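Trainee: Handing you this structure, nothing more for now.
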Amino acid sequence: MQTGLTPTQTLSLIALMNKLVPGDDLSPAAGDSGGAEYVNMLLTAFDYDPPHIWAGGPFSGRHGGAASFENWLELGPWEILAWKSRIEDLNNQYHAGLDSLGPELAEISDEFRELVFTHACEALYGDPVYGGNREMSGWLAIDYRGDSQPSGYSDQEVSAP
Amino acid sequence: MMHGAVDGVDADAIIIGSGPGGAAVAHALTQAGWSVILLEKGQNHLLSLQAPFAPLGHFSNDEIKFTQRHFLGPDPLLEPRTFRRSSEDGDHLLTGEVNNLPSTLGGGGVHADGKLSRFREIDFQLRSELGPVEGADIADWPLSYADLEPYYAEAEKLVGVAGEETNPFAAWRSGPFPMPPGADMFGAQMSSAAAERAGLHPYRAPTGVNSVEYQGRPACNNCGFCAFYGCPIEAKGDPVSMLRAALATGRCQIIPLAYATEITTDPAKNRATGVRYLDLSVAPNTQGEAPVRELRAHHLVLAGGAFETPRLLLRNELGNSSGRVGRHLMFHFQTLVVGAFRERLWGASRGRSVTHLHDDHIDGDQASRAAAQAAGLPWIRGGIVEHGSSTGPVNEALLQGAGAHHPLAMRNSELRERLWVFTMQGEDLSQQTNRVDLDPTVRDAWGLPAGRVTYQPHQHELVTSNHVAPILEGVLRDAGAVWTAASTSPPVGDHAGTSPLGLAPATYHIMGTAKMGFDPLNSVVDPTGRLWDLPNVIIADSSVFPTSAGYGPTLTLVALATRAARLLTGNPLAQSQPT
Ligand SMILES: Cc1cc2nc3c(=O)[nH]c(=O)nc-3n(C[C@H](O)[C@H](O)[C@H](O)COP(=O)(O)OP(=O)(O)OC[C@H]3O[C@@H](n4cnc5c(N)ncnc54)[C@H](O)[C@@H]3O)c2cc1C
Ligand code: SF4
């Protein structure tokens, strides 16, 4: 089984993500913001040890504390089996789905559209450690700070922001 | 060597499940000098098992890990569950995730946002006080609020509950809350003010989150990733505080990735002798199997939660002489009322998810009594209404859908930063036909039958929800909402199939599947939590609830578990008095 996307598949995925979650003057499109990198990191998660599935904690380092999101967490032996099977399935879906996309990106099943849309949303608005949300462009567009630990918010910011 | 090891057992007690119930028992038994082994089928992301039992630092403000990638388990590929509304749906309607509470060291306590309310006096005497309802099993509990009050007080101290005594409907207390309440969320101040204008009585929610440093854990810093997330700074006390205290005695051994599958008994099946479990900490053998290990103990405690505990008993064909194991399954029937506001409320990104509650719809008023009468019901009871926020941006984006509208919709954030949500956790009447049983065809990764939920609400829940929803919509409109909408979980009506929360109940409050009573003919455990059929086995989770009340189950199940453990060790708390 081929893991990860070919350059051609990557370009198709970026185009498809940009169509499903487009950008405008103020917001980036999901594909342009690292959507394909997000999917590729998931499809190749087991090329890394620990696998790139669950980012570490407790802090990103962006708001104080030692940066530790890159310290990916270990999976249990049975969780490894489940995730290997899930990722194999995802690889198959991406290869089949992207290879059969027509030039207008119209040849797409409902199931594949749902999968790509879900990953586009995860990529654009999830933590950048997972490969998407390039330079936090997804968060900046919606005025969202993302993680806030360990500084958090003061009582004043919660009660009278 | 553990204490119990001297007389042919591995420990005095084996506890199955490390959620709030199992942790409470581990704490109480070890304080009394007993040795315990605690088996947890999920991973340990919570705390080091070596002194000083420091946090592992795995929790973070990470929406992907917690909401999209089964970080706290159970992984539905390994442990599928099934759901149907009735036998008319066939063997099952859904397979996969069905009201999955986490399977991880600490159970559901780890990622709950922890509103830890007590039940009230009437909740223990519903049948005597209000009488029966046709088609439902309305029972009195075999204990009273006064019996449980000292254990409520102990549970609040153990977990660390922050709250204040301003709820006019609350039951009496023997002492103050251990901590004052934390910061009010902006949106909750607004919805509370509107609720007061409508004649309701909102109050600051009692919450298992530190408002000040408590037992060496810091105060909450309002990070906004509360419901569905582990706390990165350990400001939540449930159940880590109890587990750490149990470990500190040196008499508690915790074994994560240990899936208890078999209860061993004496030949006559009068006593449990121990447990066999699958060791999930090692890779499967060439046949794809996990090694089986065996432990022996004088006592067994089942605390796998109200879904897994009956599943374990049914698989083992134990404890079920009444035929009630798995039956009387109750959730809370959720009425979800949302309002969209012009201004940003910040609720989805700052604060503890929910900071205020009101209880008015539990007892109801003239209008609710009229609604009951019009529907041919003797009474209706709602539940607490949580004043809270919505979700993170990934989940908002999924709700907003694909297309050209997406970027502007996300910037406007009508479904997140401008949304305010009332969730009523409505009392769900006990019905014998609502149940957890074993799915006839679906199996887990180890070949064991999956648990199956069969559930339909009673007319009571629908009438109550229909009565309360417009009141809550009115409150949100008065607070300034530009539009409001109401729905329920589980969804009902023609459009149920399109509910974003799915067809199965989404409440995560599960109760009643091994109910407690005076009579072994119609209950599973006795008033002290012991199985009638195997008296050296106690159940320490919300399976034992005879009714669901309209409050979150967790503080009550911790109080009951503590009581059961203290009675077992001959160490009960003295009766308490109102202050
Ligand atoms: C997002 C969220 C918010 C919540 N908020 C609230 C709230 O505000 N108030 C409230 O009262 N409640 C709340 N709850 C519910 C609360 O989490 C549960 O009531 C509580 O966790 C139940 O505790 P328990 O010990 O009975 O079971 P659980 O917490 O479910 O723990 C059981 C543990 O046992 C383990 N286990 C099961 N079977 C086996 C086996 N065979 N072998 C080994 N281990 C096993 C499981 O893996 C699990 O870790 C919330 C839940 C969620 C998900
Ligand atoms: S809001 Fe408070 S209690 Fe909740 S996770 Fe953040 S710091 Fe912890």
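Chains as they are written, first to last, in numbering that gives the first Met the number 0: chain X, 0 to 160; chain G, 0 to 578.
We treat Cβ as the ideally placed atom computed from N, Cα and C, and that holds for glycine.
Quick caveat: nothing in here was measured; it's all calculated off a predicted structure.
#1: Determine the chain G residues that contact X/Thr117 at a beta-carbon separation under 7 Å, and present them in chain order.
#2: When burial is assigned at 16 or more other CB atoms within 10 Å of the CB, is X/Tyr124 buried or exposed?
#3: Nearest chain G C-beta to X/Ala81 closer than 7 Å, yes or no?
#4: Is G/Glu413 near ligand 4, with its Cβ less than 6 Å from a heavy atom?
#5: Can you tell me whether G/Leu407 is buried or exposed? The criterion is at least 16 other CB atoms within 10 Å of its CB, across all chains shown.
#6: Starting from G/Gln424, follow the beta strand (DSSP E) in both directions and report where the run begins and ends.
#7: With a threshold of 6 Å on Cβ separation, who are the neighbours of G/Glu78 within its own chain once the five nearest residues in sequence on each side are excluded?
#8: Report whether the distance from the Cβ of G/Asp427 to the nearest heavy atom of ligand 1 is below 6 Å.
#9: Would you call the region 101 to 116 of chain G in contact with the region 67 to 77 of chain G, where contact means no fewer than 3 C-beta pairs closer than 8 Å?
#10: Residues in its own chain within less than 8 Å of G/Ala257 by CB, not counting five upstream and five downstream?
#11: Under 7 Å between beta-carbons, which chain G residues line up against X/Gly151? List them in chain order, please.
#12: According to DSSP, what are the bridge partners of G/Cys222?
#13: Please report the distance separating the alpha-carbon of G/Leu301 from that of G/Ile13.
#14: Compute every distance between the C-beta of G/Ala10 and the non-hydrogen atoms of ligand 1, then say whether any falls below 6 Å.
#15: Cβ of G/Ala187 versus every heavy atom of ligand 2: is any distance shorter than 6 Å?
#16: Quick test of the definition: if touching needs 3 or more C-beta pairs under 8 Å, does the region 387 to 397 of chain G touch the region 430 to 437 of chain G?
#17: Identify whether G/Tyr213 lies in helix, strand or coil by the three-state DSSP scheme.
#18: Under a three-way DSSP split, which group does G/Phe330 fall into?
#19: Return the bridge partner residues of G/Gly338 from the DSSP annotation.
#20: Report the neighbours of X/Ser11 on chain G: residues whose CB is nearer than 9 Å to its CB, in chain order.
#21: Verify the contact flag: G/Lys235, CB atom, against every heavy atom of ligand 2, threshold strictly below 6 Å.
#22: Between which two residues does the beta strand (DSSP E) containing G/Gln252 stretch?
#23: Does any CB atom of chain G fall closer than 7 Å to the CB of X/Val20?
#24: Determine the DSSP secondary structure at G/Gly18, reduced to helix, strand or coil.
#25: Leaving out five residues before and five after X/Lys83 in sequence, what residues of the same chain have Cβ atoms less than 7 Å from its Cβ?
#26: Note down, in chain order, every chain X residue with its Cβ under 9 Å from the Cβ of G/Met184.
#27: From this set, G/Thr264, G/His297 and G/Gly287, which residue's C-alpha is nearest G/Asn315's C-alpha?
#28: Could you confirm whether any beta carbon from chain X is found closer than 7 Å to the beta carbon of G/Trp531?
#29: Going by DSSP in three states, G/Gly3 sits in which element: helix, strand or coil?
#30: Just how far apart, CA to CA, sit X/Ile13 and G/Arg323?
#31: Do we get a CB-CB distance below 7 Å when we pair X/Gln148 with the residues of chain G?
#32: Got a sec, what are the start and stop residues for the alpha helix (DSSP H) G/Tyr144 sits in?
#33: Could you give the distance in angstroms between the alpha-carbon of G/Ile27 and the alpha-carbon of X/Asp126?
#34: Pull up the distance between the alpha-carbon of G/Asp540 and that of G/Phe421, whole angstroms please.
#35: What did DSSP end up calling G/Gly360 once you bin it into helix, strand or coil?
#36: Along the beta strand (DSSP E) that carries G/Ile538, what are the first and last residues, could you check?
Mentor: Considering the structure as presented:
#1: Leu397
#2: buried
#3: yes
#4: This structure simply doesn't include ligand 4; it includes ligand 1 and ligand 2 instead.
#5: exposed
#6: Leu418 to Gly425
#7: Asp443
#8: no
#9: yes
#10: Leu38, Glu39, Lys40, Tyr276, Leu277, Asp278, Leu279, Ser280 and Arg292
#11: Asn220, Asn221 and Cys222
#12: G/Gly350
#13: 9 Å
#14: no
#15: no
#16: no
#17: strand
#18: coil
#19: G/Trp419 and G/Thr483
#20: Ordered by position in chain G, no residue passes the 9 Å Cβ test against X/Ser11, which lies about 16 Å from the chain.
#21: yes
#22: Cys251 to Pro255
#23: yes
#24: coil
#25: Phe45
#26: Val157 and Ser158
#27: G/Thr264
#28: no
#29: Residue confidence is low: G/Gly3 scores 47 on pLDDT, short of 50, so the model does not pin down where it sits. Its coordinate-derived value is still stated next. Helix.
#30: 55 Å
#31: yes
#32: Tyr144 to Val158
#33: One point to set straight first is that residue 27 of chain G is Ala, not Ile, in the sequence displayed. Their Cα atoms are separated by approximately 40 Å.
#34: 27 Å
#35: Correcting the residue identity first, residue 360 of chain G is His in this sequence and not Gly. In the structure shown, G/His360 sits in a helix (DSSP, three-state: H, G or I).
#36: Val536 to Ile538
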